[in-house]
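Step one of this worksheet: look at the structure below.
Residue numbers (this note's numbering): 353 to 449.
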């Protein structure tokens, strides 16, 4: 239901954003949809979500954006160690690198 807001955010940030971090598989799927609606080609087969997964999406104009997957920082994931602070730090470094 928030797709229209993702789309509008994508329009407003066009040309300034180099990477998007998707916090969880739902966010990954939503980001792929929003980026596709904003003119980015979505590879086939669709890139699979995973912690640290990265997909480079391009427009016909040649501009590109990196989509990076990260486990959601929920209590379930952080309390069980599925996502640790160093793992999150690595994702943030991946996004700015």
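The C-beta atom is built at its ideal place from N, Cα and C for all residues, glycine as well. Note that the coordinates shown come from a computational prediction; the quantities given were computed from them, not determined experimentally.
*Secondary structure at residue 443, three-state DSSP: helix, strand or coil?*
helix
*asked:* Between which residues of its own chain and residue 434 is the CB-CB distance below 7 Å, once the five residues before and five after are set aside?
replied: Once the five neighbours on either side are set aside, the close Cβ partners of residue 434 are 423.
*asked:* Let's see if you can read the secondary structure: which residues bound the alpha helix (DSSP H) around residue 387?
replied: 377 to 389
*Got a sec? Which residues, its chain only, sit under 6 Å from residue 390 by beta carbon, not counting five neighbours each side?*
362
*For residue 386, the nearest candidate out of 416, 448, 443, 357 (CA to CA)*: 357
*asked:* Given the structure, does residue 391 come close to the ligand ATP, in the sense that its CB is under 8 Å from one of the ligand's heavy atoms?
replied: Of the ligands one can find in the structure shown there are none, so the ligand ATP has no counterpart to examine.
*asked:* Less than 9 Å between the C-beta atoms of residue 417 and residue 360, yes or no?
replied: no
*asked:* Based on DSSP bridge pairs, tell me the residues matched to residue 416.
replied: 410
_Top-ranked residue by Cα proximity to residue 421, from 415, 448, 428, 402_ = 402
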